[in-house]
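As numbered in our numbering, residues 415 to 981 make up the sequence shown, in order.
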Amino acid sequence: MAVSYKPQLHYSDFKDLTEQIHFHSTEGKIWFGEQRMLLMNLTSLGAFRREIVNSMGIERAKGFFLRLGYLSGLKDAELARKLRPQCSELDIFLAGPQLHSLKGMVKVVPLEIDLDQETGDFYGRFEWIDSWEVEICQTELGQMKEPACWVLLGYACAYTSSFMGREIIFREVSCRGCGDETCMIEGRPAEQWPDAAEFSRYFKADPIIEELYDLQEQLTSLRSTLQRQQGQYYGIGQSSSYNKVCKMIDKAAQGKVSVLLLGETGVGKEVIAKSVHLRSERSDGPFVAVNCAAIPPDLIEAELFGVEKGAYTGANQSREGRFERADGGTIFLDEVIELTPRAQATLLRVLQEGELERVGDNRTRKVNVRVIAATNESLEKAVDDNRFRADLFYRLNVFPVNIPPLRERLEDLPLLASHFLEKFHAQYDKKTLGLSDKALELCMQYHWPGNIRELENVIERGVILTDNNESISQDALFVTPPPVAAQSPAEQIDVEGNMRAADAHSTGSWSDSIIEQGISLDQVEEILMKQAMDQANQNVSKAARLLGLTRPALAYRLKKSGILTES
Numbered sequence: 415m416a417v418s419y420k421p422q423l424h425y426s427d428f429k430d431l432t433e434q435i436h437f438h439s440t441e442g443k444i445w446f447g448e449q450r451m452l453l454m455n456l457t458s459l460g461a462f463r464r465e466i467v468n469s470m471g472i473e474r475a476k477g478f479f480l481r482l483g484y485l486s487g488l489k490d491a492e493l494a495r496k497l498r499p500q501c502s503e504l505d506i507f508l509a510g511p512q513l514h515s516l517k518g519m520v521k522v523v524p525l526e527i528d529l530d531q532e533t534g535d536f537y538g539r540f541e542w543i544d545s546w547e548v549e550i551c552q553t554e555l556g557q558m559k560e561p562a563c564w565v566l567l568g569y570a571c572a573y574t575s576s577f578m579g580r581e582i583i584f585r586e587v588s589c590r591g592c593g594d595e596t597c598m599i600e601g602r603p604a605e606q607w608p609d610a611a612e613f614s615r616y617f618k619a620d621p622i623i624e625e626l627y628d629l630q631e632q633l634t635s636l637r638s639t640l641q642r643q644q645g646q647y648y649g650i651g652q653s654s655s656y657n658k659v660c661k662m663i664d665k666a667a668q669g670k671v672s673v674l675l676l677g678e679t680g681v682g683k684e685v686i687a688k689s690v691h692l693r694s695e696r697s698d699g700p701f702v703a704v705n706c707a708a709i710p711p712d713l714i715e716a717e718l719f720g721v722e723k724g725a726y727t728g729a730n731q732s733r734e735g736r737f738e739r740a741d742g743g744t745i746f747l748d749e750v751i752e753l754t755p756r757a758q759a760t761l762l763r764v765l766q767e768g769e770l771e772r773v774g775d776n777r778t779r780k781v782n783v784r785v786i787a788a789t790n791e792s793l794e795k796a797v798d799d800n801r802f803r804a805d806l807f808y809r810l811n812v813f814p815v816n817i818p819p820l821r822e823r824l825e826d827l828p829l830l831a832s833h834f835l836e837k838f839h840a841q842y843d844k845k846t847l848g849l850s851d852k853a854l855e856l857c858m859q860y861h862w863p864g865n866i867r868e869l870e871n872v873i874e875r876g877v878i879l880t881d882n883n884e885s886i887s888q889d890a891l892f893v894t895p896p897p898v899a900a901q902s903p904a905e906q907i908d909v910e911g912n913m914r915a916a917d918a919h920s921t922g923s924w925s926d927s928i929i930e931q932g933i934s935l936d937q938v939e940e941i942l943m944k945q946a947m948d949q950a951n952q953n954v955s956k957a958a959r960l961l962g963l964t965r966p967a968l969a970y971r972l973k974k975s976g977i978l979t980e981s
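Here it is, written out as structure tokens:
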């Protein structure tokens, strides 16, 4: 449905937007919806822009700041759709200019808007008043030769393009940053601009930056070839505990010794085992992974070491076991603690002598296999409980590696999440905006009992439930919110622009806390009066003014509760 408004528009109702702002002062965080925000001194931003211009030149700096604004516009377009789903096209669209103003970036005055989401037709003309980028030019850079509101322009292009579902380009037809009287922008579909292709190049990654990224990727690839494999995540991490593990694995990969991987379920033991194989001298040989817990006890010997025809009922033909298939390569025995006593004895012989006998056979076969074992239980305790052979334990425990759980290396979580996002974007042929800041914070506070495997599943769920060009929210990650540490109450901005306590109806409000704790109304009144008296140094008149009461009214309540006598 087409919408056309010619006169200057009035759109002062920001309440649904201001309610999204939450100040967690004690935690040092400001939230706008699910995105974390910053309050920064304009002088600092001016110095930053000057540094970028001096380092990259005007053209490259322009592209950099246009792309910076573009990403912000995409995020706000997503928020506008969520906040105003039942509103008119115009009201939803106007959230963008309102957000620009609310964030203190510029006062936006709509002069003319014609839009039709069904046909994709769009024309908009706006005046920008008191642009922060113009102010920076006046104080830090001096007058520019061309329009200077780069971040604001990138924002307008991205926000409107996302809203209309097609590429919309805005251009500054006049700018105070280059000596004009006003800042004025016009927007229309890309094909209606003669220089659209040239302008759109600003929104593509800078060649120099891309070259730096390519060099960085090559360096990372030399350090860890497995990081480039789809679905693998070995080497992704920067925590000291995980880097220590990686260094141990790097050394183990070059040798022939058996490796024992220890750690909770889901920490990535098979991924590490495969990385050891692929970077060893056996990389051209087979890699065979076996989950010992998934094989019935009466079949585990036949599965691992092979079986001869007629060895038992149902053995209709001879077949090789997993060790023979892994000859010349590596076998990974996950949950090795589940091996039966007979299988443990045979495995010990393979490790010591490099030979085995199939079930029902009397012929010895030579095998050249490197064994990597793994368990999430204590083998030492299993030896003490007579569940595991001590001699086999000592044979496997030559090179033990303890892999830390995800909760002990949370600084690696954003890198792992980014890796899984890239994987599932390709798998499901979609492109989200990644985790919202709130979603990432929730992940950082979660205990992760399932470790990296659980994180991978959670990210996959988030990608499936999130539409293209939208951020993955907390609700998309978890069916029910996981338990996290309690947070301090937030403050919000009221309509006058003042910070106040969050609404009583909001989650975690002080009134909810009082009711949940079973505190009576009389107790609340007594607490408030005591607090007021303490702040007033036991002066009744001052305490009455703090509580908005007359002195006689407060004195009566103090005597009734016994506080005045106590004081």
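Think of the CB as a built atom: it goes at the ideal place given N, C-alpha and C, for glycine as much as any other residue.
For this session: Can you grab the Cα-Cα spacing for the pair Gln552 / Asp544, in whole Å?
Result: So the two alpha carbons sit approximately 11 Å from each other.
Exercise. In whole angstroms, what separates the C-alpha of Leu827 from that of Ile886?
Worked result: Spanning the two alpha carbons is a distance of roughly 15 Å.
Exercise. Does the Cβ of Pro895 have 16 or more other Cβ atoms within 10 Å, making it buried, or fewer, making it exposed?
Worked result: Within 10 angstroms of the beta-carbon of Pro895 lie fewer than 16 other beta-carbons, which makes it exposed.
Exercise. Out of curiosity, what's the CA-to-CA distance linking Met943 and Ile929?
Worked result: Straight-line Cα distance between these residues: approximately 19 Å.
Exercise. In terms of alpha-carbon separation, which member of Val812, Ile714 and Ala788 lies closest to Val750?
Worked result: It is Ala788.
Problem set entry | Cβ separation of Ala572 and Tyr484, assumed to be a contact under 8 Å, to the nearest whole Å | Correct: roughly 4 Å between the Cβ atoms.
For this session: Go through its chain and collect everything with a Cβ distance to Arg450's Cβ below 8 Å, but skip five positions before and after it.
Result: Cβ contact annotation for Arg450 (same chain, cutoff 8 Å, sequence separation greater than five): Lys443, Ile444, Asp851, Lys852 and Glu855, in chain order.
Problem set entry | C-beta contact flag for Gly651 and Ile817 at 7 Å | With respect to Ile817, Gly651 sits apart: the two C-beta atoms are not nearer than 7 Å.
For this session: Mind listing, in chain order, the continuous alpha helix (DSSP H) runs of no fewer than 4 residues lying wholly within the stretch 501 to 548?
Result: Runs of the alpha helix (DSSP H) inside the stretch 501 to 548: 503 to 516.
For this session: With a 10 Å radius around its C-beta and 16 neighbouring C-beta atoms as the bar for buried, classify Leu935 as buried or exposed.
Result: So Leu935 counts as exposed.
For this session: Please say whether Val673 and Phe813 have beta carbons closer to each other than 7 Å?
Result: Yes, the pair counts as a contact, with Cβ atoms nearer than the cut-off.
Problem set entry | Cα-Cα separation, Lys780 to Val721 | Straight-line Cα distance between these residues: approximately 15 Å.
Problem set entry | Through-space distance from Glu492 to Pro603, alpha-carbon basis | When rounded, the distance between both Cα atoms is 20 Å.
Exercise. When you compare only the Cα positions, how much space is there between Arg464 and Ile933?
Worked result: Annotation: Arg464 to Ile933 spans about 57 Å, alpha carbon to alpha carbon.
Exercise. Should Asp948 be flagged as near chain B, meaning a C-beta pair shorter than 7 Å?
Worked result: Judged by its chain identifiers, the structure shown contains no chain B, having just a single protein chain.
Problem set entry | Length of the line joining the Cα atoms of Leu968 and Val954 | One Cα belongs to Leu968, the other to Val954, and the distance between them is close to 7 Å.
Exercise. Would you call the stretch 679 to 698 and the stretch 743 to 762 in contact, with 3 or more CB pairs under 8 Å?
Worked result: Verdict: yes, contact present.
Exercise. Mapping DSSP to helix, strand and coil, what is Gln643?
Worked result: With a pLDDT of 45 at Gln643, under the threshold of 50, the modelled position of that residue is not reliable, and no figure is offered here.
For this session: Under 8 Å by Cβ, that's how I've got Gly743 and Gly699 pegged, so tell me the actual separation to the nearest angstrom.
Result: Confirmed, about 3 Å.
Exercise. Where does Gly442 sit, in a helix, a strand or coil, going by DSSP?
Worked result: Note: Gly442 maps to coil in three-state DSSP.
For this session: List the residues that DSSP assigns as beta-bridge partners of Ile977.
Result: Looking at the DSSP output, Ile977 shares a beta bridge with no other residue.
Exercise. Residue range of the beta strand (DSSP E) that Ser588 falls in?
Worked result: DSSP places Ser588 in the uninterrupted beta strand (DSSP E) bounded by Ile582 to Ser588.
Exercise. Is the Cβ-Cβ distance between Val893 and Met662 less than 7 Å?
Worked result: No; because the gap between Cβ atoms is not below 7 Å, this pair is not in contact.
Exercise. Would Phe540 pass as a contact of Leu529 if the rule is Cβ separation under 7 Å?
Worked result: Not in contact: Phe540 and Leu529 (Cβ atoms no closer than 7 Å).
For this session: Pull up the distance between the alpha-carbon of Arg696 and that of Tyr860, whole angstroms please.
Result: Those two C-alpha atoms are separated by around 39 Å.
Exercise. Bridge partners of Met451, per DSSP?
Worked result: Answer by DSSP bridge pairing, in chain order: Ile444.
For this session: Give the secondary structure of Ser491 by DSSP, where H, G and I count as helix, E and B as strand, and everything else as coil.
Result: Note that residue 491 corresponds to Ala in the displayed sequence, not to Ser. Helix at Ala491.
Exercise. What is the DSSP secondary structure of His436, counted as helix, strand or coil?
Worked result: Residue state for His436 is assigned as strand, using DSSP reduced to three classes.
Exercise. Can the beta-carbon of Ala707 be found less than 7 Å from the beta-carbon of Val773?
Worked result: At least 7 Å separates the beta-carbon of Ala707 from that of Val773.
Problem set entry | Option in Leu675, Cys501 and Lys476 with minimal Cα separation from Val791 | A quick correction: the sequence has Glu, not Val, at residue 791. The shortest C-alpha separation from Glu791 is found at Leu675.
Exercise. From which residue to which residue does the beta strand (DSSP E) around Pro755 run?
Worked result: It is not in any beta strand (DSSP E) - Pro755 instead sits in the alpha helix (DSSP H) that spans Pro755 to Glu767.
Exercise. What did DSSP end up calling Asn871 once you bin it into helix, strand or coil?
Worked result: The answer is helix: DSSP assigns Asn871 an H, G or I state.
For this session: Measuring alpha carbon to alpha carbon, tell me which of Ser439, Leu456, Arg585 and Ile435 ends up nearest Glu448.
Result: Taking only the C-alpha atoms, the option nearest Glu448 is Ile435.
Problem set entry | Distance CB(Phe807)-CB(Leu770) smaller than 7 Å | It is not a contact, given that the beta carbons lie outside the stated cut-off.
Problem set entry | Residue burial classification, Tyr569 (beta-carbon count within 10 angstroms, cutoff 16) | Here Tyr569 is buried, its C-beta having at least 16 other C-beta atoms within 10 Å.
For this session: Quick one: residues in its chain with C-beta nearer than 7 Å to the C-beta of Lys559, no 5 flanking neighbours on either side, listed in chain order?
Result: Closer than 7 Å at the Cβ level, and outside the excluded window around Lys559, lie Cys592.
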